[in-house]
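Working notes, beginning with the structure itself.
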Amino acid sequence: MIEELGVIKAVDQDHIWVETQIKTTCGGCSVNQDCGTGVVARGLSSKSQLLIFRCDKPARIGQQVKLGIPEEDLLGASALMYLLPLVILLVSVALGSALLPQVGLEHELWSALFAGMFTGVGFWQIRRYLQSAKRSQYQPRLLELLPYRGQSLDVVQVSGQ
Numbered sequence: 005m006i007e008e009l010g011v012i013k014a015v016d017q018d019h020i021w022v023e024t025q026i027k028t029t030c031g032g033c034s035v036n037q038d039c040g041t042g043v044v045a046r047g048l049s050s051k052s053q054l055l056i057f058r059c060d061k062p063a064r065i066g067q068q069v070k071l072g073i074p075e076e077d078l079l080g081a082s083a084l085m086y087l088l089p090l091v092i093l094l095v096s097v098a099l100g101s102a103l104l105p106q107v108g109l110e111h112e113l114w115s116a117l118f119a120g121m122f123t124g125v126g127f128w129q130i131r132r133y134l135q136s137a138k139r140s141q142y143q144p145r146l147l148e149l150l151p152y153r154g155q156s157l158d159v160v161q162v163s164g165q
């Protein structure tokens, strides 16, 4: 499970609105100060995302929550978004190179347009598939509400014997 912390921004009767920060990988690199990509990443403002979750527990604005998504779901969505379009591109280039000369379109530009068109349609179909309501496994899940600042925790002492 890949976990992330978020902050509750609004509370309804049975829903909470959670804000998470979208992070880049440049923040953890040791050469961040000397890297051109790090300079660009620092120049861009930090972005946040607002997610809505059903929550039947008492929650307060400003309280932190732990969100998670299973690794296999994230890997599946990544394969759909990165690997499948690459396969579509390669197959459409091969088909375009084989079929278009038979109809008199022998220039490489036609093959590139053919491949670009099919890859674009592939991206669009994959996006529709991932955004459909049936694909809730690709959405983050609310794992737990963390204690609010100043809220006491129940601590149980465990003997070492």
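Residue 5 is where the sequence shown starts when you use my numbering, and the numbers rise one by one after that. Every residue, glycine too, gets a C-beta built ideally from N, C-alpha and C.
Cβ distance (whole Å) where Leu54 is taken to contact Glu8 below 8 Å = Between Glu8 and Leu54 the Cβ distance is about 14 Å, and since that is not below 8 Å, they are no contact.
message = Using only the alpha-carbon positions, how far apart do Arg132 and Ile26 sit?
response = 22 Å
query = Taking the C-alpha atoms as reference points, what is the distance between His19 and Phe127?
reply = 32 Å
request  = Give the DSSP bridge partners of Ile20, in chain order.
outcome  = Val15, Phe57
request  = From the DSSP output, in three-state form, read off Ser136 for me.
outcome  = Correct three-state label for Ser136: coil.
key: Bounding residues of the beta strand (DSSP E) (the contiguous stretch that carries Leu149)   = 145 to 149
ask   = CA-CA distance, Ile6 and Gly80?
value = 14 Å
request  = Give the secondary structure of Glu110 by DSSP, where H, G and I count as helix, E and B as strand, and everything else as coil.
outcome  = coil
task = Give the straight-line distance between the Cα atoms of Leu78 and Glu112, rounded to the nearest whole angstrom.
result = 37 Å
For Gly120 and Gln68, the rounded distance between their alpha carbons = Those two C-alpha atoms are separated by around 44 Å.
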